[in-house]
Amino acid sequence: MLSTEVTTYTRYPSSQDREESEASTLLSPLQDGDSAPNQDAVAPFGWSLNCKAMVVISVGLLLFGSGTALSLLFFTQVGNVPYLLGPLFLSMGLMFLVTGLVWMSILKPSLQHRSFTTVN
1 MLSTEVTTYT
11 RYPSSQDREE
21 SEASTLLSPL
31 QDGDSAPNQD
41 AVAPFGWSLN
51 CKAMVVISVG
61 LLLFGSGTAL
71 SLLFFTQVGN
81 VPYLLGPLFL
91 SMGLMFLVTG
101 LVWMSILKPS
111 LQHRSFTTVN
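Residues in the sequence shown are numbered from 1 upward in steps of one, following full-length UniProt numbering.
Laid out in structure tokens, this is it:
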């Protein structure tokens, strides 16, 4: 019978009892023959590591693009756009974009290491 258990240990037992105390709780019992949910589901290779970084980059691009558009609207005096709205969106978008690009460059070695370990 397969099951998922959470086991907790006390790190520093009291001076009276030096034995390690253990408490386990059954989370989800599985019947015989059942398989764990999502046990066979495997995420695409690079997506599991790059998902958050790609979202940050796309949010940065959207903010940067909207900041560019708002700045152009302000400087051409086409619309009634507040003065700081364009530069605010530009700076926030650039911050998100640079953060996502640096995050991707940090994740690149772990992707290469993961591909090396799966090939060999």
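A virtual CB, placed ideally from N, CA and C, is assigned to each residue, including glycine. Predicted, not measured: the structure shown is a model, and the values here were computed from it.
Residue i, buried or exposed, once every other Cβ within 10 Å from all chains shown has been counted against 16
i	result
leucine 72	exposed
phenylalanine 89	buried
phenylalanine 96	buried
glycine 93	buried
leucine 63	buried
valine 56	buried
serine 79	Reading off the sequence, residue 79 comes out as glycine, not serine. Exposed is the call here.
glycine 65	exposed
glutamine 39	Its pLDDT being 49, under 50, glutamine 39 is placed unreliably in this model, and the value from its coordinates should be taken loosely. Looking at its Cβ environment, which holds fewer than 16 other Cβ atoms inside 10 Å, glutamine 39 is exposed.
Closest Cα partner of residue i within the set the options
i	options	result
glycine 67	Leu107, Ser91, Trp103, Ser110	Ser91
residue 124	Trp47, Ala53, Ser48	One cannot answer for residue 124 here, as it falls past the ends of the chain, which runs 1 to 120.
message: Going residue by residue through the stretch 34-100, where are the continuous alpha helix (DSSP H) segments of at least 4 residues, counting only ones entirely within it?
response: 47-76
- request: Could you tell me whether the stretch 66-80 touches the stretch 97-104, using the rule of 3 or more Cβ pairs below 8 angstroms?
  value: no
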